[in-house]
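Enquirer: I am attaching a structure below and will ask some questions about it afterwards.
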Amino acid sequence: MLKEGQKLAIDWLPDKNSKEPVYKQIVNYINRKISSGDWTIGSKLPSQRFLAECFSVNRSTVVRALEELCSYGILEGTTGKGTMVTSNTWSVLMSNAPPDWGDYLRAGTFQENVPTVQMINKLEFEKDIVRLGTGELSPDLFPAEMMREVLQKLPDRFPSLNYLGPLGLPELRRALSLRLKKQGIDADPSCILITSGSLQALQLISVCMLKPGSVVYTESPSYLKSLQVFPSAGMKLTGIPMDRDGIQYWDIGNQTENSRNEAAVDMEDALLYTIPTFHNPTGTLMSETRRKELFRFCSNHRLPIIEDDAYGELWLEEEPPKPLKTMDHHGMILYLGTISKTLAPGLRIGWLVGPESVVERLGDVKMQIDYGASSLSQWALAELFSSGLYDKYLIDLRHKLKLRRDFALSLLEKHFRGLAQWDVPKGSFYIWLKLLVDIPTDQLFQRMLKEQILINPGNIYDFQKNKSIRLSYSYAEEVSLENGIEKMADVIRKMR
Ligand code: PMP
């Protein structure tokens, strides 16, 4: 659906050599968009200036076309509100009009992303855009040679690429069980479910394990807040403040009373989602003491935990404290891992570790949703783990990421002193830039877009207004990172 300010993929231009007047071509184009159901009734059109830029015409040509469409009753312009699609009746006369997809789209239960997240998801793939916030490895960190070696061997390893059983490839689950054991997590292969990325694990939990109305506690800010997975299933996300040691667990359940009286805590049907190791977006590493206290608190209150360990292997100087899951001997924690951050999100492989009963139930639903994660990716990963190639690669990756982090920190020292505060991340991809100047970050986002630079404003992760920016040193090339950071400092200074 169209949203004001959203950059539309208008990949059409009027033919200026055609005999048909340009404004008429625009009328026909917009009508086609509406009659095909791409632009639904109730959608808001971008501004006239934006359309004129897209079509490479004068604004007066756009105005003429819109006026004609308004006169047919297809569009309606309201002062101050912009132009809306109000009907497709004209197209009924002109062609076989489809049903009003807008009504159907509004009826679904899965909520739309917030507009800024929608824009980021689209703009990341625009040509020449510099991505300063992307949580992925840069293409030059991708181990092409290692992947070639593994993929070449694969046809001798797998008997076919047929569907796999509900929990995923046994060879991969066995390899993961061994890796987890080295970390101190005791998990038989029967307690491991392979998912299509850890996002899918969250989706499965939301539809299988929680009642509508139940509360999901999480750090404030949190990656989870940028997603609609839990709210779409009727759960209420509740943010808990953090300090440098991690989540301030004593605030769980006390948001309304604003007291630290643990007796008042009501956690029935609730759950805690946490990213203790290199938290997204702040990079915070939960201390060992806080981990122990948090685990004790949750055990005492019978509050189950989802521990998201997407970044745990990406430490830069020293190993982080062990995952919470290592303390769990009664099946209180569902532990999530993924290959997306250390190697390649496009493989779409994650894993969930939990009690057999939970893994079986989620596996059954997974079969109804996609009948298993990619068999090819699972075979490739099993081979990478068992051959030892993956561990060798990780050593090299940590070294390269550390260089990138140090480079980004040196740029911040140079350009952001006095403009922002930040901590030195001990792992993963992100520097959480807390702006010291009072400027609206959504406006900064738009201003940076004009410079062809995409940033991730803190607002998309937080429960309240947030003045920070999630800067990533893992994705942009050195030169782009340098120019991008310098430019951002310039723009902020001008906006002050
Ligand atoms: N958890 C965290 C903390 C993440 O940052 C991400 C990706 N941004 C995910 C989960 C989702 O990863 P996947 O590609 O495995 O679905």
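Each number in my numbering comes from the position in the sequence shown (counting from 1) with 2 added on. Each residue gets a CB set at the ideal place from its N, CA and C atoms; glycine is no exception.
1) Please confirm whether any heavy atom of ligand 1 lies closer than 7 Å to the CB of Y225.
2) Determine the direct distance from the alpha carbon of C193 to that of D330, and round the result to whole angstroms.
3) DSSP has P191 in a bridge; who is on the other side?
4) Say yes only if the C-beta of I122 is nearer than 7 Å to one or more non-hydrogen atoms of ligand 1, and no if none qualify.
5) Would T340 pass as a contact of G352 if the rule is Cβ separation under 8 Å?
6) Just how far apart, CA to CA, sit M450 and A109?
7) Looking only at its own chain, which residues have a Cβ that is under 8 Å from the Cβ of L153, when we skip the five neighbours before and after it?
8) Flag this pair as touching only if the region 414-432 and the region 294-306 have three or more C-beta atom pairs under 8 Å; answer yes or no.
9) Where are the beta strand (DSSP E) runs, 3 residues long or more, that stay fully inside the region 291-378, in chain order?
10) Would you kindly work out how many angstroms separate the C-alpha atoms of K184 and T286, rounded to a whole number?
11) Is the Cβ-Cβ distance between E221 and I254 less than 8 Å?
12) Does DSSP classify A422 as helix, strand or coil?
13) Measuring only the C-alpha atoms, how far is W317 from A384?
14) So, helix, strand or coil for E488, using DSSP?
15) Can I372 be considered in contact with ligand 1, in the sense that its beta carbon sits closer than 7 Å to one or more heavy atoms?
16) Quick check: is any heavy atom of ligand 1 less than 7 Å from the C-beta of P347?
17) Which one of I457, K469, E453, N461 has the shortest CA to CA distance from D440?
18) Using the DSSP secondary-structure output, state which residues sit across from Y432 in a beta bridge.
19) Going by C-alpha to C-alpha distance, which of H303, Y275, R304, E320 sits closest to L336?
20) Would you say the region 111-120 touches the region 224-235, given that touching needs at least three Cβ pairs under 8 Å?
21) In this structure, does DSSP put M211 in helix, strand or coil?
22) Identify, in the order they occur along the chain, each residue of the same chain with its Cβ nearer than 6 Å to the Cβ of V231, setting aside the five sequence neighbours on each side.
23) What is the rounded straight-line gap between the Cα of S224 and the Cα of H281?
24) Using only the alpha-carbon positions, how far apart do R407 and H401 sit?
25) Around the C-beta of D464, are 16 or more other C-beta atoms found within 10 angstroms, so that it is buried, or is it exposed?
26) Should G137 be counted as a contact of ligand 1 given a C-beta to heavy atom distance under 7 Å?
27) For A312, is the beta carbon positioned less than 7 Å from some heavy atom of ligand 1?
28) To the nearest angstrom, report how far apart L364 and E151 are at their CA atoms.
29) Mapping DSSP to helix, strand and coil, what is E151?
30) May I ask you to report which of helix, strand or coil DSSP gives E270?
31) For a test of your reading of the model: does the CB of S208 fall under 7 Å from any non-hydrogen atom of ligand 1? Yes or no.
32) Specify the secondary structure class of E55 as computed by DSSP and reduced to three states.
Expert: To lay it out plainly:
1) Here residue 225 refers to the residue found at position 223 when the sequence shown is read from its first residue. Distances between the C-beta of Y225 and the heavy atoms of ligand 1 include at least one below 7 Å.
2) Here residue 330 is taken as the residue at index 328 of the sequence shown, counted from 1. Here residue 193 is taken as the residue at index 191 of the sequence shown, counted from 1. Distance from the CA atom of D330 to the CA atom of C193, rounded to whole angstroms, is 13 Å.
3) Residue mapping note: residue 191 aligns to position 189 of the sequence shown, counting from 1. Paired residues: none, contrary to the question.
4) Within the sequence shown, residue 122 is the residue found at index 120, counting from 1. It does not: the Cβ of I122 is nowhere closer than 7 Å to a heavy atom of ligand 1.
5) Residue numbering aside, residue 340 sits at position 338 when the sequence shown is read from its first letter. Residue numbering aside, residue 352 sits at position 350 when the sequence shown is read from its first letter. Annotated as proximal: T340 and G352, with beta-carbon spacing under 8 Å.
6) Position 448 of the sequence shown holds residue 450. Position 107 of the sequence shown holds residue 109. Near 35 Å, if we compare the C-alpha coordinates of A109 and M450.
7) Numbered from its first residue, the sequence shown carries residue 153 at position 151. Sequence-distant partners of L153 (beyond 5 residues in either direction) whose C-beta falls short of 8 Å from its own C-beta, in its chain, are A382.
8) The region 414-432 vs the region 294-306: no contact.
9) Listed in chain order, the complete beta strand (DSSP E) runs (minimum 3 residues) inside the region 291-378 are 307-310, 335-340, 352-355.
10) The count along the sequence shown starts at 1 and reaches residue 184 at position 182. The count along the sequence shown starts at 1 and reaches residue 286 at position 284. The straight-line gap from Cα to Cα measures roughly 24 Å.
11) Residue numbering aside, residue 221 sits at position 219 when the sequence shown is read from its first letter. Residue numbering aside, residue 254 sits at position 252 when the sequence shown is read from its first letter. Between E221 and I254, the C-beta gap is not smaller than 8 Å, which leaves the two residues out of contact.
12) If you number the sequence shown from 1, residue 422 lands on position 420. A422 falls in the strand class under three-state DSSP.
13) As a position in the sequence shown, residue 317 is number 315, starting the count at 1. As a position in the sequence shown, residue 384 is number 382, starting the count at 1. If I take the Cα positions, the gap works out to 23 Å.
14) Stepping through the sequence shown from its first residue, residue 488 is reached at position 486. It is helical.
15) Position 370 of the sequence shown, counted from the start, is the residue given in the question as residue 372. The sequence shown places Asp at residue 372, not Ile. Distances from the CB of D372 to the heavy atoms of ligand 1 are all 7 Å or more.
16) The count along the sequence shown starts at 1 and reaches residue 347 at position 345. Yes, since a heavy atom of ligand 1 falls inside the 7 Å radius drawn around the Cβ of P347.
17) For the purposes of this step, residue 440 is identified with residue 438 of the sequence shown, where counting begins at 1. If we check each option's Cα against that of D440, K469 comes out closest.
18) In the sequence shown, counting from the first residue as 1, residue 432 sits at position 430. Y432 is bridged by DSSP to S474.
19) Here residue 336 is taken as the residue at index 334 of the sequence shown, counted from 1. Comparing alpha-carbon positions, the option among H303, Y275, R304, E320 lying closest to L336 turns out to be Y275.
20) With a cut-off of 8 Å, the region 224-235 and the region 111-120 count as touching, because enough Cβ pairs lie within range.
21) Numbered from 1 along the sequence shown, position 209 holds the residue referred to as residue 211. Correct three-state label for M211: coil.
22) Here residue 231 refers to the residue found at position 229 when the sequence shown is read from its first residue. L204, Q205, S208, listed in sequence order.
23) In the sequence shown, residue 224 corresponds to position 222, counting from 1. In the sequence shown, residue 281 corresponds to position 279, counting from 1. Near 8 Å, if we compare the C-alpha coordinates of H281 and S224.
24) Numbered from 1 along the sequence shown, position 405 holds the residue referred to as residue 407. Numbered from 1 along the sequence shown, position 399 holds the residue referred to as residue 401. One C-alpha to the other measures close to 10 Å.
25) Taking the first residue of the sequence shown as position 1, residue 464 is located at position 462. D464 is buried by the Cβ-count criterion.
26) Residue 137 sits at position 135 when you count from the first residue of the sequence shown. Checking every heavy atom of ligand 1 against the Cβ of G137, one is found closer than 7 Å.
27) Taking the sequence shown and counting its residues from 1, one reaches residue 312 at position 310. For ligand 1, at least one heavy atom lies less than 7 Å from the Cβ of A312.
28) Counted from its first residue, the sequence shown places residue 364 at position 362. Counted from its first residue, the sequence shown places residue 151 at position 149. L364 and E151: Cα-Cα distance of roughly 34 Å.
29) Position 149 of the sequence shown, counting from 1, holds the residue named residue 151. E151: helix per DSSP, three-state reduction.
30) On the sequence shown, position 268 is the one that residue 270 refers to. E270 falls in the coil class under three-state DSSP.
31) As a first step, residue 208 must be located in the sequence shown, where it is residue number 206. If you check the C-beta of S208 against ligand 1, you find no heavy atom less than 7 Å away.
32) Residue numbering aside, residue 55 sits at position 53 when the sequence shown is read from its first letter. Secondary structure at E55: helix, using DSSP grouped into helix, strand and coil.
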